[in-house]
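Undergrad:
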Amino acid sequence: MKTYDQILAEIHKRQLAPVYFLTGDEPYYIDMISDTIENEALDEADRAFNQIVLYGRDVDVETIANHARSFPMMGDRMVVIVKEAQDVKNLENFEPYLDTIPETTVLVFAYKYKKFDKRKTLAKKIDKKGVWFESKKLYDSNIPGWIQNYLKGEGYSITPKATQMLADFLGTDLHKIANELKKLTIALPKNKSIDDADVERNIGISKDYNVFELQNAIGSRDVLKANRIVNYFGDNGKDNPLLVTAITLYGYFTKLIKLHCTQDKSQGNLATVLGVNPYFVRDYQAAARNYPPQACIRCISVLREFDMKSKGYESGDVSEKDLYREMIFKLMH
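Residue numbers (our numbering): 3 to 335.
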């Protein structure tokens, strides 16, 4: 199976396969490939006559087949793109039509948010005839590396702290991350090393009051700093919901347990096990000294409690700011 980069490189050279089936949980890569075909497979003048974009909720397999069997007008290629292909009813019934599509057609299925069953005959035939691409969701631990690679491709570098700030704040939605990174690249000169101050100015993430800094404050048992941060979070609840913070801190203490259970505590091995930049390994080692295994387990129990309270379970009329304060007290005492 070809990689995302291989597929894009071939499209840029107009080395196009007769059929593409793009499927999976991560829509970003599916959209990027289908949009690149839409924008680059044909010259602008040819698109009006030889490019058709369909939407799955509006078509059936017969309609798709009829368009795909059309021949180009005054051109060499016909491009048919089926967006939201997961909404096409009985899509597996398209299999017999594949043999009737002329060589001049490039057919693209953008089947998002879930995987098409690769055991079906349609999948097997497309895999042999064209390009089958599965777009997988990235884990939280993969996001910092993704951010760094994206910016490197745009001609920028970024500090570890700024990377982690973005990863903690933006989550795993690659479309959202890419949009925010575009803001940075538009605002900053090429070849710049992006730091936390750049992120604060252009993305709006405070370099002093964010989940990354809260983790460090908890890990170093800096009660004053931790309370300052959660007071800020409580006053700015829309940007810092308790549920998201609790989930992030759950991941933090899970990493500390992994650290305790890892025999090879070399920096390189711990960075791999924890899924963090080696730059941060010392911070985790220091936190592990402050939170032995049993303390980590207790903190995870506390975070589960406040995960439920953030959803309204047994929290009564207590404000989110007060819940934040109570959570930090229980975590650090």
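Glycine residues also receive a C-beta, built at the ideal position from the N, C-alpha and C atoms.
I need the straight-line Cα distance from residue 190 to residue 122, nearest angstrom please.
TA: Roughly 48 Å between the two C-alpha positions.
Undergrad: Along the chain, which unbroken stretches of the alpha helix (DSSP H) at least 4 residues long are found entirely within the region 149-206?
TA: Entirely contained in the region 149-206, the alpha helix (DSSP H) runs reaching 4 residues are, in chain order, 162-172, 176-189, 198-205.
Undergrad: Measure the alpha-carbon distance for residue 289 versus residue 31 and round it to whole angstroms.
TA: Near 37 Å, if we compare the C-alpha coordinates of residue 31 and residue 289.
Undergrad: So, with DSSP's three-state summary, where would you put residue 135?
TA: The answer is strand: DSSP assigns residue 135 an E or B state.
Undergrad: Strictly by DSSP, which residues pair up with residue 246?
TA: Answer by DSSP bridge pairing: none, since residue 246 is not bridged.
Undergrad: Could you give the first and the last residue of the continuous beta strand (DSSP E) run that contains residue 83?
TA: It spans 80-85 - the beta strand (DSSP E) in which residue 83 sits, taken as one unbroken run.
Undergrad: CA-CA distance, residue 169 and residue 212?
TA: Taking the straight line from one Cα to the other gives about 11 Å.
Undergrad: Spatial neighbours of residue 152 within its chain, please: C-beta separation below 8 Å, excluding the five flanking residues on both sides.
TA: Once the five neighbours on either side are set aside, the close Cβ partners of residue 152 are 179, 180, 183.
Undergrad: Would you tell me roughly how many angstroms separate the C-alpha atoms of residue 329 and residue 308, rounded to the nearest one?
TA: If you take the alpha carbons of residue 329 and residue 308, they lie about 7 Å apart.
Undergrad: If residue 133 sits next to residue 90, beta carbons under 8 Å apart, how far is it from one beta carbon to the other, in whole angstroms?
TA: Wrong, their Cβ atoms sit about 19 Å apart, outside the cutoff.
Undergrad: Taking all protein chains shown into account, decide if residue 322 is buried (16 or more other Cβ within 10 angstroms of its Cβ) or exposed.
TA: Flag for residue 322 reads buried.
Undergrad: Taking only beta-carbon atoms, is residue 236 less than 8 Å away from chain B?
TA: Within the model displayed, chain B is absent; a lone protein chain is all it includes.
Undergrad: Can you name, in chain order, every residue of its own chain whose Cβ lies under 6 Å from the Cβ of residue 235, other than the five neighbours on each side?
TA: Counting only Cβ-Cβ distances below 6 Å, and skipping sequence neighbours, we find 242, 326.
Undergrad: Note down, in chain order, each residue of its chain lying with its Cβ closer than 7 Å to the Cβ of residue 228, except the 5 sequence neighbours on either side.
TA: 216, 219, 220, 330, 334.
Undergrad: Any heavy atom of the ligand FMN within a distance shorter than 7 Å of the CB on residue 226?
TA: As for the ligand FMN, it is missing from this structure, which has no ligand bound.
Undergrad: Given 8 Å as the limit, is there contact between the region 8-26 and the region 129-146, that is, 3 or more CB pairs closer than that?
TA: As far as the Cβ criterion goes, the region 8-26 touches the region 129-146, which means the pair count is three or higher.
Undergrad: Can you check the region 12-58 for any beta strand (DSSP E) of at least 3 residues that lies completely inside it and give the ranges in chain order?
TA: Runs found: 21-26, 53-57.
Undergrad: From the DSSP output, in three-state form, read off residue 108 for me.
TA: Three-state result, residue 108: strand.
Undergrad: How many whole angstroms separate the CB atoms of residue 200 and residue 186, which I take to be in contact at a CB cut-off of 8 Å?
TA: Rounded, the Cβ-Cβ distance is 7 Å, consistent with contact.
Undergrad: Which runs of the alpha helix (DSSP H), 4 residues or longer, sit entirely within the region 250-318?
TA: Within the region 250-318, the complete alpha helix (DSSP H) runs of at least 4 residues are 269-276, 283-292, 295-312.
Undergrad: Determine the contact status of residue 87 and residue 112, defining contact as a CB-CB distance below 8 Å.
TA: Contact flag set, yes.
Undergrad: Is it buried or exposed for residue 301, if we count other Cβ within 10 angstroms and need 16 for buried?
TA: By the 10 Å Cβ count, residue 301 comes out buried.
Undergrad: What did DSSP end up calling residue 113 once you bin it into helix, strand or coil?
TA: Strand at residue 113.
Undergrad: Out of curiosity, what's the CA-to-CA distance linking residue 126 and residue 162?
TA: Cα-Cα distance, rounded: 43 Å.
Undergrad: Suppose contacts are defined by Cβ-Cβ distances below 8 Å. Is residue 94 in contact with residue 56 by that definition?
TA: No, these two residues do not count as a Cβ contact at 8 Å.
Undergrad: Which class does residue 143 belong to by DSSP, given the choice of helix, strand or coil?
TA: Helix at residue 143.
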